[in-house]
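The opening residue of the sequence shown carries number 334 in our numbering; numbering runs sequentially from there.
Glycine included, every Cβ here is placed at the ideal spot set by N, Cα and C.
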Amino acid sequence: MEVAFREIKTVEEIEQFYSVQEAIFSIRPEDRFPSHFISMLGRNDPEMGFVLGAYKLEDGIEDLIGVSINITTGKTETLYCIITGVLPKYRNGIYGSKLISKVREHAIQRNFKFFYLVFNPLEANLGRLYFRKFGFVGIRLKVDSSLSENNILPNDKLLTRWDMLNSRYSIEESDFEQSASFQETLKKLSIANEKQMPDEKRVLVKIPNDFRLLKEKEPNMALSVSLNLRKVLLEYLNKRNYNITDCITGKINNVRESYYLLEACR
């Protein structure tokens, strides 16, 4: 499938975005981004940010399948991503990756160097995308004091920072599969959890390989996992000044496992 990327600026493009944003971002109708906000980001004097759309091209027809909304900040050369996503049917790791790559290109062309983004740290697929493929760094956990729509799971967010010019970055497609060294890595490094948090330079913390499936099948377990990960990340990132620098995955006894690598900044 051919996909084109361009900034959303025209009235027609904004209307198309307005019609699909609920599906792309899984938000309620009352939480939709207003059209005048999207229009405002298309202004370049002064620079306010940009909205980048991903368009599927088929039989001469363009359909919007993904969007990234980015704004300028009070920090020099810094861009903040409000939200990035693609339609559910295209969430296979390819189109989201291409969208982030194009955001990077647009940002660098506009002299931005640093990029901030938040996401749910329980989503291993996003962890692998941001940390392993692009070289993001997880710097702080933002705790959700309220409860999510189902009144069970908190919606914590992990603040990440991306040095777009100097971090690890690959435009090659990858399934993020680790080599045979995965098991060796597990043997060499301590694994932190809510009961033990070793004071070592590098530690691992386990995350669900498929949190969405866990929520559907075992909601109580999902809540426990969420709260335990919160404790670990609050301690290491917010108190001890560690960063998340990678997300590794591999199979143990034919069962896939995923871990964040946390490294001390001191």
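- Which partner residues does GLU322 have in the DSSP bridge list? Residue 322 falls outside the range modelled here, since the chain spans only 334 to 599, and no answer is possible.
- With a cut-off of 8 Å on the beta carbons, I'd call VAL476 and ARG494 a contact; round off their distance for me. Between ARG494 and VAL476 the Cβ distance is about 18 Å, and since that is not below 8 Å, they are no contact.
- Query: Straight-line CA distance for LEU519 to ILE581?
  - Reply: 10 Å
- Item | Check whether MET454 and ASP489 have beta carbons under 9 Å apart | The sequence shown places Pro at residue 454, not Met. Yes. Within cutoff.
- Message: Do LEU420 and ILE398 have their beta-carbon atoms positioned less than 9 Å apart in this structure?
- Response: yes
- When burial is assigned at 16 or more other CB atoms within 10 Å of the CB, is ASP392 buried or exposed? exposed
- Any chance the region 455-462 sits against the region 409-419, with 3 or more Cβ pairs inside 8 Å? no
- Query: Can you give the Cα-Cα distance for ASP532 and SER557, rounded to whole angstroms?
  - Reply: 24 Å
- Mind checking ASN587: buried by the 16 CB within 10 Å criterion, or exposed? exposed
- Query: Measuring CA to CA, which of ASN542, ASN499, PHE350, ALA457 is closest to ASP368?
  - Reply: Looking at the sequence shown, residue 368 is not Asp but Ser. When each option's Cα is compared against that of SER368, the closest is PHE350.
- Could you check the C-alpha separation between THR417 and LEU537 for me, to the nearest Å? 27 Å
- Item | Closest Cα partner of PHE452 within the set ILE472, GLU345, MET334, PRO552 | ILE472
- Item | Same chain, Cβ closer than 8 Å to ASN561, five either side skipped, listed in chain order | ASN526, GLU527
- Would you mind reading off the limits of the beta strand (DSSP E) that contains ASN576? 575-585
- Task: Drop a sphere of 10 angstroms on the beta-carbon of SER591, count the other beta-carbons inside from all chains shown, and report buried for 16 or more, exposed for fewer.
- Result: buried
- Quick one: is ILE371 buried, meaning 16 or more other Cβ sit within 10 Å of its Cβ, or exposed? buried
- Message: Using a 10 Å radius around the Cβ and a threshold of 16 neighbouring Cβ atoms, would you call GLU348 buried or exposed?
- Response: exposed
- Query: Between the beta-carbon of ALA337 and the beta-carbon of GLU395, is there less than 9 Å?
  - Reply: yes
- Message: What does the Cβ neighbour count give for ASN444, buried or exposed, with the cut at 16 atoms within 10 Å?
- Response: exposed
- Task: Find out if the Cβ-Cβ distance for the pair LEU594, THR578 is shorter than 9 Å.
- Result: yes
- Message: For TYR569 and GLN529, I'd like the C-alpha separation in whole angstroms.
- Response: 12 Å
- Message: If you reduce the DSSP assignment to three classes, tell me which class ASN571 lands in.
- Response: helix
- Task: Just grab the DSSP bridge partners of ASP364 for me.
- Result: The partner list for ASP364 (beta bridge, DSSP) is empty, contrary to what the question assumes.
- Query: Smallest Cα separation from LYS389: which of SER478, PRO541, GLU335?
  - Reply: GLU335
- Query: Can you tell me whether PRO362 is buried or exposed, with buried defined as 16 or more other CB within 10 angstroms of its CB?
  - Reply: exposed
- Alpha-carbon spacing of LEU604 relative to ASN458, whole angstroms: It is not possible to answer for residue 604, since the shown part of the chain is limited to 334 through 599.
- Query: Could you give the uninterrupted runs of the beta strand (DSSP E) lying entirely in the region 451-480, keeping only those of 3 residues or more?
  - Reply: 470-475
- Message: Looking only at its chain, what residues have a beta carbon closer than 8 Å to the beta carbon of ASN571, apart from the 5 residues adjacent to it on each side?
- Response: ARG473, LEU474
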